[in-house]
Amino acid sequence: MSASKKMSKVSVSAPRGGYSGIRGLLASYVGLPPAGDDAYCRSVSNRTLLPLVLVHLNIISYAFAYWITQPVLPYLSKSLGADAITFGYLQTVTSVMQILGGAAIGRYVDVYSPRFGMVVTTLGSAASYFFLGLSFHTAVLFLSRLPTCLQQCMQVAQSYVPKLLLFEQEQLVLKAKSTQSREIMDFSESLKESSAVLLGRLALSYGVGMVLGSLFGGFLAEQFGFHAVALLAFALSMAVAVMNVFCLGDVESTASAGATSGAGLGAKAADIKGTRGGTKRDGSSARSSSKPLRRSSSTSRAGRGRSVTPKRQTSSSGASTSGSVKKASTSKVKTSTGGTDVFGLRNYFHLLRDHDNLRAVLVYTTLLSVGFQVQQSSFSVAAIDKFDFPACEMGMVMSAYAAISIVVNTFLIKPPIRWLGEAKAVEYATFCIVFLLAVYANATTKVQVLLVLFPVSVLSAFIYTVITSLVSHHARTEEQGSAIALRHAVRSAVGIVAPPVAGYILQEIGFPATGFVASAFVALAVLAARKTLKDTGEISAKTK
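This is the structure:
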């Protein structure tokens with residue numbers, strides 16, 4: 001009888017190995033693996049969930065604000081008298097600004113404060129939309145592109161998440177070492193293996209915002225006007241900036257500790273895994289630091305509040321396992337060479353020089369971006385002049401393609417990678433795009449264009465997520481912000497040249513030429529992928 005009572009007590013209690021209710025839905029959405037039965041693992045999972053959810057809210061609102069304005073931007077520029085070439089110059093100005101801002105923010109995130117970077121990006125977006133809402137002349141329209149140098153929300157989020165995961169992995173490994181707990185070590189490995197999924201879920205959130213923004217952008221523009229849509233985006237961005245100041249926690253940079261303690265952390269992990277016959281983990285990929293998840297109060301004038309993990313606890317090994325409040329310096333970024341460098345240019349040079357695989361990814365990304373930018377920038381104009389898309393239909397088209405990216409990032413990332421590996425999956429997807437763009441060049445009706453661009457959207461969404469994961473594996477954790485900034489900078493640099501060239505080709509030669517030029521550059525990207533891209537497994541084996 002007593003045994004049955006004991007069993008009933010166990011069955012009534014909440015499931016310890018997983019998540020339940022709203023917390024469970026949120027954890028599944030952001031991609032957190034189950035925490036298991038260990039109380040410490042559950043506490044780590046709980047404190048990781050809130051900042052991840054807030055980052056996803058940032059991405060959704062950022063994408064929504066961007067995409068309610070993006071479908072109407074070509075119509076607004078045309079209403080102000082801008083032709084295809086002028087619209088290309090407008091995109092060029094945007095790309096120049098994003099290169100400058102991306103370099104500075106990427107380096108700052110690595111050295112100081114991911115949270116501050118998130119606040120700055122939302123404020124930059126708000127400024128851009130404010131001037132866009134006041135654009136009653138072409139000059140003001142170009143002025144609205146200047147604050148886009150700070151529109152780097154996705155870049156900052158892609159740096160924030162790996163840093164957060166690394167910190168939690170460090171704490172788990174230290175705790176597992178002190179307690180000899182296999183379950184804690186297993187959860188640490190699960191977090192590490194889930195990094196690609198967590199990054200993919202960021203793209204999922206971007207897709208959600210893109211679907212909603214594209215869907216409502218054209219409709220709101222027809223009902224209230226182009227300028228009202230831009231001012232709505234401004235108000236939303238300001239609200240998110242306030243949320244970041246008061247609610248979003250920060251992750252300290254592990255750059256200073258990583259160089260000295262990486263081998264030690266790897267050895268600790270190997271000792272624990274060795275007790276159950278596991279393979280030794282590469283010490284260079286994990287860097288020990290007891291620096292906690294925190295709220296940085298000095299990175300913003302209004303920033304004050306609670307730490308995400310307010311109480312400091314110490315494990316039996318003496319390692320700090322929770323948060324504290326620290327102030328982040330707002331001085332200029334100092335590079336590893338000791339000089340002062342606001343944009344971190346010397347750091348980027350060393351990053352490119354020392355990482356062959358990162359260079360290979362950037363070469364591939366450059367060629368692919370040229371093809372995509374030529375197609376996308378010319379289609380924005382051709383959709384109006386050649387295919388006669390009204391603003392509401394253009395918004396629905398973009399919304400549909402955003403929905404495609406949601407499906408891809410939710411269901412279609414793992415199977416191709418499991419069967420082919422990252423490099424081969426990217427190569428084959430790019431190869432298919434070559435032929436699809438050649439078919440796109442011969443499209444003459446709306447239906448033909450939509451049928452061709454549907455699979456292109458599926459493949460491009462897949463490539464984007466996998467390449468982001470590859471970049472995050474090619475650089476050390478304290479350099480991931482800079483590596484991701486380089487990837488975004490490459491796309492922006494291509495955006496300086498490609499849109500005006502595409503506008504010239506469209507205006508002087510015709511629509512089919514834009515499709516064939518785009519297809520040719522994507523074909524070059526296929527060759528680059530065959531020669532240089534490597535799976536993360538190959539890279540790990542080589543470093544060992």
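Our numbering applies: residue 1 is where the sequence shown begins, and numbers increase by one. For every residue, glycine included, the Cβ atom is placed at its ideal position computed from N, Cα and C.
Taking each of Cys-41, Phe-521, Tyr-112, Gly-207 in turn and checking the Cα distance to Met-154, the smallest one comes out for Gly-207. For Phe-226, the CB contacts under 6 Å within the same chain, skipping 5 residues up- and downstream, are Val-72, Leu-76 in chain order. Rounded to the nearest angstrom, the Cβ distance from Val-408 to Val-526 is 20 Å, too far for a contact under 8 Å. Phe-130 sits away from Phe-219, with the two beta carbons spaced by 7 Å or more. Taken atom to atom, the span from the alpha-carbon of Tyr-66 to that of Tyr-89 is near 19 Å.
In the structure shown, Asp-250 falls within a strand segment according to DSSP collapsed to helix, strand and coil.
Between the C-alpha atoms of Ile-404 and Lys-386 there is a straight-line separation of about 25 Å. The C-alpha of Val-109 is placed about 20 Å away from the C-alpha of Ala-126.
Here Lys-177 is buried. Its C-beta has 16 or more other C-beta atoms within 10 Å. In this structure, the beta-carbon distance from Phe-521 to Leu-367 falls below 7 Å. It is roughly 54 Å from the alpha-carbon of Arg-182 to the alpha-carbon of Val-93.
The beta carbons of Arg-145 and Asn-347 sit about 27 Å from each other, so the pair does not count as a contact at 8 Å. Here the alpha carbons of Ser-469 and His-137 stand approximately 41 Å from one another. In the DSSP assignment, Leu-202 falls within the alpha helix (DSSP H) that extends over 195 to 224. Only residues of its own chain outside the window of five on either side were considered, and among them Ala-528 have a CB closer than 6 Å to the CB of Val-363, listed in chain order. Just measuring C-alpha positions, the residue of Asp-186, Leu-80, Ile-85, Ile-105 sitting nearest Ala-489 is Ile-105. For Gly-213, the closest C-alpha among the options Gln-180, Met-396, Cys-149, Trp-419 is that of Met-396. Taken through DSSP and simplified to helix, strand or coil, Arg-487 comes out as helix. Around the beta carbon of Leu-165, a 10 Å sphere encloses 16 or more other beta carbons of the protein chains shown; the residue is thus reported as buried. With respect to the 7 Å criterion, Ala-493 and Ile-99 are classified as neighbours on the basis of their beta carbons.
Assignment of Asn-357 by DSSP, reduced to helix, strand and coil, places it in the helix class. Of the residues Pro-390, Asp-388, Ala-382, Ala-423, the one whose Cα lies closest to the Cα of Ala-360 is Ala-423. For Gly-21, the uninterrupted alpha helix (DSSP H) segment begins and ends at 21 to 30.
The beta-carbon separation of Val-120 and Ile-406, rounded to 27 Å, does not stay under the 8 Å limit for a contact. At a cut-off of 4 residues, the continuous stretches assigned as alpha helix (DSSP H) that sit fully inside the region 395 to 443 are 414 to 420, 422 to 440. Within the model, the alpha-carbon separation for Ala-157 versus Gln-151 is close to 12 Å.
If you draw a 10 Å sphere on the C-beta of Arg-201, you find 16 or more other C-beta atoms in it, and that means buried.
Secondary structure at Asp-83: coil, using DSSP grouped into helix, strand and coil. Here Tyr-440 is actually not in contact with Ile-85; their C-beta atoms are around 22 Å apart, not less than 8 Å. One thing to note: Ile-60 has its Cβ within 7 Å of the Cβ of Ser-205.
Per the coordinates, the alpha-carbon of Cys-247 lies some 11 Å from the alpha-carbon of Val-53.
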